[in-house]
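**Q** Right, I'll just put the structure down here and ask away after.
In UniProt numbering, the protein residues as written are 1 to 190.
The following block contains the structure:
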């Protein structure tokens, strides 16, 4: 198969594409600044250099970038969830001045933060719903599904989680849940 020169003709200098690639990380030398062939080749190869830099990057730097992207993704998903769930409300109390309702989103966020503070678990599905206590007053029921790390005792873990959720709801919202139902769905295989 015969090779024909491109539209610009053969290179006007003796530098091959490999020679230019080898120097692409460096600033152009005097020849590369003056030679139209070398200038054009450097411009053409620059996007390829940028694409390959990620592969040559230190794995620790890549891990930091991945962690940053994960934080951005998590933040975006929290915003999306907020928009979806903001409308649902749970009646938590009826006072002399009227009922008090709290957004399910707000309740779920408090539950999530409380569960995240407990060592030995990964939070799964969680939520809050309205109920009525024995005296007929509005009450909040929390459902928390978790995955447990090996070596944890389910009863101890449940007690710590239940206390964390109850304390957080009381401290942040003034709500004492009627119950905090915990389901251990799985054991995390690390």
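Beta carbons: idealized from backbone N, C-alpha and C, even for Gly.
Whole angstroms are fine: how far does the CA of residue 133 sit from the CA of residue 93?
**A** 11 Å
**Q** Any idea what DSSP makes of residue 95, helix, strand or coil?
**A** strand
**Q** Check whether the stretch 110-123 touches the stretch 137-154, taking contact to mean three or more Cβ pairs, one atom from each stretch, closer than 8 Å.
**A** yes
**Q** Tell me whether residue 174 sits in a helix, a strand or coil according to DSSP, three-state version.
**A** coil
**Q** By alpha-carbon positions, which one of 16, 107, 50 ends up nearest to residue 40?
**A** 16
**Q** Out of 156, 91, 73, 38, which has the shortest C-alpha to C-alpha gap to residue 176?
**A** 91
**Q** Going by other Cβ atoms of all chains shown within 10 Å of its Cβ, with 16 needed for buried, is residue 73 buried or exposed?
**A** exposed
**Q** Does DSSP put residue 1 in a helix, a strand or coil?
**A** For residue 1, the predicted structure reports a pLDDT of 39, less than 50, and the residue's modelled location is therefore unreliable. The matter cannot be settled from this model.
**Q** Please go through the same chain and pick out, in chain order, the residues whose beta-carbon is closer than 7 Å to the beta-carbon of residue 180, but skip the five residues on each side of it.
**A** 142, 144, 162, 165, 166
**Q** Once you ignore the five residues that flank residue 114 on each side, which residues in its own chain have a CB closer than 6 Å to its CB?
**A** 164, 165, 168
**Q** Return the chain-ordered list of same chain residues with a C-beta closer than 7 Å to the C-beta of residue 170, the five sequence neighbours on each side being excluded.
**A** 176
**Q** Taking C-beta to C-beta, are residue 128 and residue 140 nearer than 8 Å?
**A** yes
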